[in-house]
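The working numbering puts the first residue of the sequence shown at 8, with every later residue one more than the last.
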Amino acid sequence: MTRYCTKCGAINDDLAQYCSNCQTPLTPVVSGGYQPMQSVNPNAMTDWKAMGADKKTTAGICAILLGWLGVHKFILGYNTEGIIMLVLGLLTCGVTNIIGIVEGIIYLTKSDEEFVRTYIQGKKGWF
Ligand SMILES: [Zn+2]
Numbered sequence: 008m009t010r011y012c013t014k015c016g017a018i019n020d021d022l023a024q025y026c027s028n029c030q031t032p033l034t035p036v037v038s039g040g041y042q043p044m045q046s047v048n049p050n051a052m053t054d055w056k057a058m059g060a061d062k063k064t065t066a067g068i069c070a071i072l073l074g075w076l077g078v079h080k081f082i083l084g085y086n087t088e089g090i091i092m093l094v095l096g097l098l099t100c101g102v103t104n105i106i107g108i109v110e111g112i113i114y115l116t117k118s119d120e121e122f123v124r125t126y127i128q129g130k131k132g133w134f
């Protein structure tokens, strides 16, 4: 970290209070316009994982393995669909598992962005 004198441009130590070349008082670094948040760069990429895409693999695998139980619906917050899935599964002795397998494949083949837009933001209950 070095500080440049605003008057003569000399390089000074960042703890220096006066320019070593021309003795001009140096302004403190903290009062400058620099904002540490910019280093995080929130505008770079949308974090789809943080927005729910991290559930994609879990929901997909649960849909394929335990589809008729409606587990993947509950994971995605679709409680009504989950209960319907569970009741139908019990009534049909698990035949509805085919729905789970199809949905699981759809989930797993979607990109993180598509998954978030369709199921987290779009709240698409089926397929
Ligand atoms: Zn100076």
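Glycine residues also receive a C-beta, built at the ideal position from the N, C-alpha and C atoms.
These numbers were taken from a predicted model, which means no experiment stands behind them.
**OP:** Measure the alpha-carbon distance for Y25 versus C12 and round it to whole angstroms.
**Re:** 9 angstroms
Subject >> Cβ contact check for the region 111-119 and the region 59-76: 3 or more pairs under 8 angstroms >> reply: yes
Original post:
Going by the C-beta, is K14 closer than 7 angstroms to any heavy atom of ligand 1?
Top reply: yes
Subject >> Residue range of the unbroken beta strand (DSSP E) whose run includes N19 >> reply: 18-20
**OP:** Would you mind reading off the limits of the alpha helix (DSSP H) that contains T116?
**Re:** 104-116
Original post:
Can you give the Cα-Cα distance for C100 and K80, rounded to whole angstroms?
Top reply: 18 angstroms
Subject >> Exposure label - L76; buried when at least 16 CB within 10 Å >> reply: buried
Subject >> Heavy atom of ligand 1 within 7 angstroms of A23 beta-carbon >> reply: no
Original post:
If you follow the alpha helix (DSSP H) that T87 is part of, which residue opens it and which one closes it?
Top reply: 86-98
Subject >> Span of the alpha helix (DSSP H), counted from its first residue to its last, around T64 >> reply: 62-73
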